[in-house]
Each structure stands twice: as C-alpha cells, then as structure tokens.
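Notes to accompany the following structure.
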Amino acid sequence: MRDVDKRQDQLIAEIAFLRNRIAQLEDDAADAGTPVAQGNAQPRLNSEHEQPIVPPASFERRYYELIQRSRDGYALLDMDGEFVLCNPAYYTMLGYTKEELRDRTYADITPERWQASDEAGLERMLKTGYCDLYEKEYRRKDGTLFPVEIQSYLIRDDDGNPSGMWSFVRDIAERKRAEDELTRAAREWQSTFDAANDGIALIDKDAHLVRCNRAMGELFGVPVDQMVGRKCWEIVHGTSGPIDECPVVRMRETLQRESMVLTRGENWLEITVDPLLTPDGELAGAVHVV
3 MRDVDKRQDQ
13 LIAEIAFLRN
23 RIAQLEDDAA
33 DAGTPVAQGN
43 AQPRLNSEHE
53 QPIVPPASFE
63 RRYYELIQRS
73 RDGYALLDMD
83 GEFVLCNPAY
93 YTMLGYTKEE
103 LRDRTYADIT
113 PERWQASDEA
123 GLERMLKTGY
133 CDLYEKEYRR
143 KDGTLFPVEI
153 QSYLIRDDDG
163 NPSGMWSFVR
173 DIAERKRAED
183 ELTRAAREWQ
193 STFDAANDGI
203 ALIDKDAHLV
213 RCNRAMGELF
223 GVPVDQMVGR
233 KCWEIVHGTS
243 GPIDECPVVR
253 MRETLQRESM
263 VLTRGENWLE
273 ITVDPLLTPD
283 GELAGAVHVV
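In the working numbering, each residue's number is its place in the sequence shown (first place is 1) plus 2.
Shown next, in the form of structure tokens:
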C-alpha cells in the first residue's frame with residue numbers, strides 16, 4: 003500500500019473512532035442527565051453484541067473528503083509533534099507543499115514566544131482530552147507570522163495511551179485586520195466626538211445615556227463615566243423624571259427631531275434630540291445635543 007493510502011486509511015480510522023466517542027458521550031450524558039465531559043469516552047458499543055459500532059467505510063471516506071476540501075486547516079500529529087497528515091488548507095496557509103511539511107515538526111511552525119503556552123496546553127489536553135478554542139501565531143515558510151484560531155483533541159491508542167492529536171485551524175489574519183481597523187475608526191470617532199464644542203450624548207430608546215462627549219461632562223459638571231447609564235433628565239435637568247415639554251418624550255412620540263430652549267443659571271441652552279431608527283422604522287435611540 004502506498005504511503006498516502008496508509009495515511010488516508012489512518013485518518014478514516016481516527017474519524018470513525020472519534021464519531022463513536024462523541025456518540026458515547028451523548029448517550030452517557032442523556033442517561034446521567036449531566037453535561038458532556040469531552041475527551042474521556044471510549045468507542046460506543048452495540049449493547050447486543052458488545053462490538054464497536056463502526057459506520058461503513060464509504061461513509062467515513064466522505065468525512066475524509068470533507069476534511070480535504072475544508073477551508074479550515076486540519077492537522078494530525080503524533081506525540082512528538084511530527085505531522086502525520088494535513089489537508090491542503092493547512093499546508094497552504096503555511097506556504098509549504100505537503101511533502102515539505104512532512105519534514106517539519108509543530109515546533110518549526112510555532113514562534114518561540116508561543117512554545118511555553120503550547121506545552122502548558124498539551125498538559126491540559128493530557129488531563130481533559132481536548133483543548134478549548136484559543137488563539138496563537140504560526141510561522142510561515144517565508145518566516146512571516148500570522149494569527150490562527152485552534153481547537154485540538156487528544157487521540158489514544160487501544161490501551162488508552164496518548165498516541166497523537168488532531169486540530170482544526172483557522173487563519174484569522176483578515177479578521178484581526180478588520181478588528182484593528184474598527185479599533186482605529188473608533189478612536190478617530192471618539193477624537194472627533196470629544197473635539198465638538200457642543201455637549202453631545204447618545205441615548206437609548208429608554209432615555210439612558212449610552213455615550214457622552216467631553217463637552218457634555220464639562221457643561222453639567224459631571225464626569226463622563228458617571229453619566230453613562232443614567233436618564234438624560236437626571237443630568238440635564240436634575241430631576242427624577244422628564245420635565246414638561248421634554249424633547250425626548252416628544253421625539254419618542256413623533257419619531258422626528260424635537261427641541262426646546264431652557265435656562266441654566268444665566269445661560270440659555272438649546273436642546274435638540276434626533277431619533278435613531280432601525281431599518282424597520284423602530285426607535286433605537288437618539289442623539290441628544292446641548
């Protein structure tokens with residue numbers, strides 16, 4: 003048998019074992035009425051014949067084909083960290099060919115600063131049988147680093163000894179770039195928000211202050227972080243409820259801009275409230291400007 007066929011058959015056998023283990027966990031949880039504890043079950047047995055229930059090979063081969071076509075990476079490793087099998091998505095994200103990756107170990111693609119946490123994760127996996135979803139970095143063939151999201155499971159042999167592990171891996175570089183862009187945009191928005199001379203607040207549909215700019219805090223002499231969560235009339239009017247002709251109350255009825263002028267000491271203040279509507283025309287909140 004060719005080496006590639008051995009590797010495919012090995013993966014198919016591992017998939018059969020894992021599917022049986024999941025089924026056993028589900029049966030145990032249903033009988034005991036307790037949550038599933040992953041990673042410690044044995045293959046499910048047929049109660050009549052006491053033999054492992056193994057689906058047809060053709061069914062398991064479909065699982066193998068799905069893994070090979072998956073857009074997420076899949077890797078099967080032995081306990082020395084050497085690659086036994088991986089799908090195209092896995093070696094492609096690393097910039098290797100399948101043959102090149104067989105000459106590497108997991109340590110070769112792991113930056114030094116992540117190796118200690120990987121060792122700690124392996125210790126946890128040996129106890130629980132799995133490792134929760136976590137993020138780390140991989141090193142590509144060209145030396146560049148990129149972020150990934152991983153979930154791993156331990157494989158045991160017939161005697162119950164650890165024999166390897168399998169992982170699903172997702173390249174999250176694009177997601178991280180999008181998150182960084184959103185963070186940068188939020189910082190720019192906050193800078194513009196705070197640069198305005200008018201007191202501006204975002205309120206929810208129940209008139210709670212959600213966000214306030216620096217000018218709002220200075221105008222009413224209340225730290226911005228102490229405004230959030232309070233009703234707008236508590237800050238603007240110092241009352242426990244809305245005043246007569248409250249523009250927020252009127253805006254909630256008309257779903258249009260409402261305004262009023264009031265005095266605060268020797269100052270005259272103009273207040274405008276503009277509704278924020280959902281695509282269905284429902285009130286989501288408002289922009290409150292003083």
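Just so it is clear, CB atoms sit at the ideal spot from N, CA and C, and this is done for glycine as well.
Since the model is a prediction, treat every value here as computed from it, not as a measurement.
Selection from the options that minimises the alpha carbon distance to residue i
i	options	result
Glu84	Gly223, Glu101, Tyr108	Tyr108
Ala198	Lys207, Leu221, Ile205	Leu221
Glu137	Arg172, Asp144, Thr130, Ile111	Arg172
Val150	Lys129, Leu78, Gly166, Glu176	Glu176
Ile69	Val230, Ala187, Trp168	Trp168
Leu285	Asn215, Leu96, Leu204, Met81	Leu204
Tyr76	Val263, Arg63, Arg64, Tyr93	Tyr93
Asp295	Asp82, Gly97, Asn89, Gly287	Given that the chain is displayed from residue 3 to residue 292, the structure contains no residue 295 and the question cannot be resolved.
Thr265	Thr280, Leu79, Gly240	Gly240
Asp144	Asp182, Gly166, Glu102, Lys129	Glu102
Val238	Leu156, Ile273, Gly231	Ile273
Ala217	Gly231, His290, Pro277, Leu279	His290
Ile152	Thr280, Gly283, Leu78	Leu78
Asp227	Glu236, Asn215, Trp235	Asn215
Asp200	Gly283, Leu271, Val263	Leu271
Host alpha helix (DSSP H) of residue i (start-end)
i	result
Gly75	Gly75 -> not in any alpha helix (DSSP H); beta strand (DSSP E) instead, spanning 75 to 80.
Gly219	216 to 222
Tyr140	Premise fails: Tyr140 lies in the beta strand (DSSP E), 132 to 141, not in any alpha helix (DSSP H).
Glu236	234 to 238
Arg106	Careful: Arg106 lies outside any alpha helix (DSSP H) and carries neither H nor E.
Val226	226 to 229
Nearest-angstrom Cα separation, counted from residue j out to residue i
i	j	result
Tyr132	Gly123	9 Å
Lys100	Arg158	25 Å
Phe170	Arg126	17 Å
Glu268	Thr185	41 Å
Arg254	Arg189	30 Å
Val292	Ile245	16 Å
Arg141	Tyr66	26 Å
Ser154	Asp134	7 Å
Asp105	Met95	17 Å
Leu87	Asp110	16 Å
Gly41	Val275	At Gly41, the pLDDT of 42 sits below 50, so the modelled position is not reliable; the number obtained from the coordinates is stated separately. In a straight line, the C-alpha of Gly41 is about 56 Å away from that of Val275.
Ala180	Ser242	42 Å
Met81	Lys178	31 Å
Pro219	Asp208	It is worth fixing the name first, because residue 219 is Gly in this sequence and not Pro. Cα to Cα, Gly219 sits roughly 20 Å from Asp208.
Arg213	Lys233	12 Å
Phe195	Leu147	36 Å
Gly97	His210	51 Å
Glu139	Ser72	20 Å
Leu279	Asp120	47 Å
Pro277	Pro225	25 Å
Trp191	Arg63	52 Å
Met229	Glu236	9 Å
Ser193	Pro281	28 Å
Gly283	Ile202	23 Å
Ala91	Gly231	47 Å
Ile174	Asp182	12 Å
Thr130	Leu156	9 Å
Ala187	Gly166	44 Å
Asn89	Leu128	24 Å
Val263	Gly223	20 Å
Where the beta strand (DSSP E) containing residue i begins and where it ends
i	result
Tyr93	Per DSSP, Tyr93 belongs to no beta strand (DSSP E); it is in the alpha helix (DSSP H), 90 to 96.
Thr274	269 to 279
Asp206	202 to 206
Tyr259	According to the sequence shown, residue 259 is Arg rather than Tyr. Per DSSP, Arg259 belongs to no beta strand (DSSP E) and is neither H nor E.
Val289	285 to 291
I want to know whether the region 114 to 123 touches the region 155 to 164 - three or more CB-CB distances under 8 Å. Short answer: they don't touch.
Does the region 241 to 249 come close enough to the region 259 to 268 that 3 or more CB-CB pairs lie under 8 Å? Yes, since at least three Cβ pairs between the region 259 to 268 and the region 241 to 249 fall closer than 8 Å, the two stretches touch.
To test your reading of the DSSP string, which unbroken alpha helix (DSSP H) runs of 4 or more residues are found completely within the region 112 to 188? List check, alpha helix (DSSP H) in window: 114 to 130.
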